[in-house]
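Novice: I'd like to ask you about the structure that follows.
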Amino acid sequence: MTGPGGLELDTIALPLLLAFLSGSVPFTWLIGKARGIDLLSVGSGNPGATNLSRELGKFYGALGLILDLLKGAIPVLLTSDLWDQPALLFLVGAAAVFGHCYSPFLKFRGGKGVATTGGVLLAIEPAIALLLLVGWFIGLKSLRSVGMASVIASVTGICSAVVILAGWPPLLRWLVTAISSDSQAVLGWVLLLVSALVLIRHRSNIQQYYQRSSKEEKR
């Protein structure tokens, strides 16, 4: 039986499982526990680098961010060395992001997937990672909210996926530089799926932002 990109399901099952488990290791939560706090019950309640930074400071936040990036990048890089199947890289990356968002070690709670997605894209297609980072910084500067900056980045990812799936040559040549044309469709669908997941994980941030904006307008 074959899966996406013509991959044999019995071939991809093990790397997908290992990538999911890699992504599900809650590094930021473990750092918090080591310092005497439970990120699930303080601040925003999110076991991610932003909440860790708010509770323990920028050093620990940066450490958590790097570890979350690596648990997306490392499975992809290992897969590229062990299997000569480009489409598998995208699926492995998606599995790592899903593991981060729904960690079995935290009763299927988890982070919002931004850093892990960034690590995956850096390992697969750095041009897209750079574009999403630019979107994130624009969102941060204009909206002054880390959560909303991540929303802008995820919307940028969705737009990038549409460009890839539509195959618009002028934009595609700039956006996709590290993979072959045969793998672009799988990349587009996986990027769309992961970006949509990250956007959904930030729905509370969107609600809070608009509630805050409404209160400010009434003043």
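To get this note's numbering, take the position in the sequence shown, counting from 1, and add 368.
The beta-carbon is built from N, C-alpha and C at its ideal position, and this holds for glycine as well.
As the structure is a prediction and not an experimental result, all values here were calculated from the model.
Check each candidate in Arg569, Ala463, Trp557 and name the one with the smallest Cα separation from glycine 515.
Specialist: For the purposes of this step, residue 515 is identified with residue 147 of the sequence shown, where counting begins at 1. Comparing Cα-Cα distances from glycine 515 to each of Arg569, Ala463, Trp557, the minimum goes to Arg569.
Novice: Can you tell me the Cα-Cα spacing of phenylalanine 466 and serine 581, whole angstroms?
Specialist: Residue mapping note: residue 466 aligns to position 98 of the sequence shown, counting from 1. Residue mapping note: residue 581 aligns to position 213 of the sequence shown, counting from 1. Taking the straight line from one Cα to the other gives about 31 angstroms.
Novice: Secondary structure at serine 471, three-state DSSP: helix, strand or coil?
Specialist: One-based indexing of the sequence shown puts residue 471 at position 103. Reduced to three states, the DSSP call for serine 471 is strand.
Novice: Please return the same chain residues whose Cβ sits closer than 7 angstroms to the Cβ of leucine 456, not counting the five positions on each side in sequence.
Specialist: Here residue 456 refers to the residue found at position 88 of the sequence shown. Within the same chain, leucine 456 has close Cβ partners Leu375, Ile380, Pro383, Thr447.
Novice: Please state the DSSP three-state secondary structure of arginine 580.
Specialist: To locate residue 580, count along the sequence shown from 1; it is residue 212. Arginine 580 falls in the helix class under three-state DSSP.
Novice: Alpha carbon to alpha carbon, what distance is there between glycine 404 and valine 566?
Specialist: Along the sequence shown, read from residue 1 onward, the residue named residue 566 stands at position 198. Along the sequence shown, read from residue 1 onward, the residue named residue 404 stands at position 36. Near 28 angstroms, if we compare the C-alpha coordinates of glycine 404 and valine 566.
Novice: What separation, rounded to the nearest whole angstrom, lies between the Cα atoms of valine 444 and glutamine 575?
Specialist: Position 76 of the sequence shown, counting from 1, holds the residue named residue 444. Position 207 of the sequence shown, counting from 1, holds the residue named residue 575. So the two alpha carbons sit approximately 33 angstroms from each other.
Novice: With DSSP as the reference, label arginine 512 as helix, strand or coil.
Specialist: Residue numbering aside, residue 512 sits at position 144 when the sequence shown is read from its first letter. Arginine 512 falls in the coil class under three-state DSSP.
Novice: Who are arginine 477's beta bridge partners in DSSP?
Specialist: As a first step, residue 477 must be located in the sequence shown, where it is residue number 109. According to DSSP, which records beta bridges pairwise, arginine 477 is partnered with Ser471.
Novice: Going straight from the alpha carbon of valine 554 to that of serine 563, what length do you get?
Specialist: Mapped onto the sequence shown, residue 554 falls at position 186. Mapped onto the sequence shown, residue 563 falls at position 195. For valine 554 and serine 563, the distance between alpha carbons rounds to 14 angstroms.
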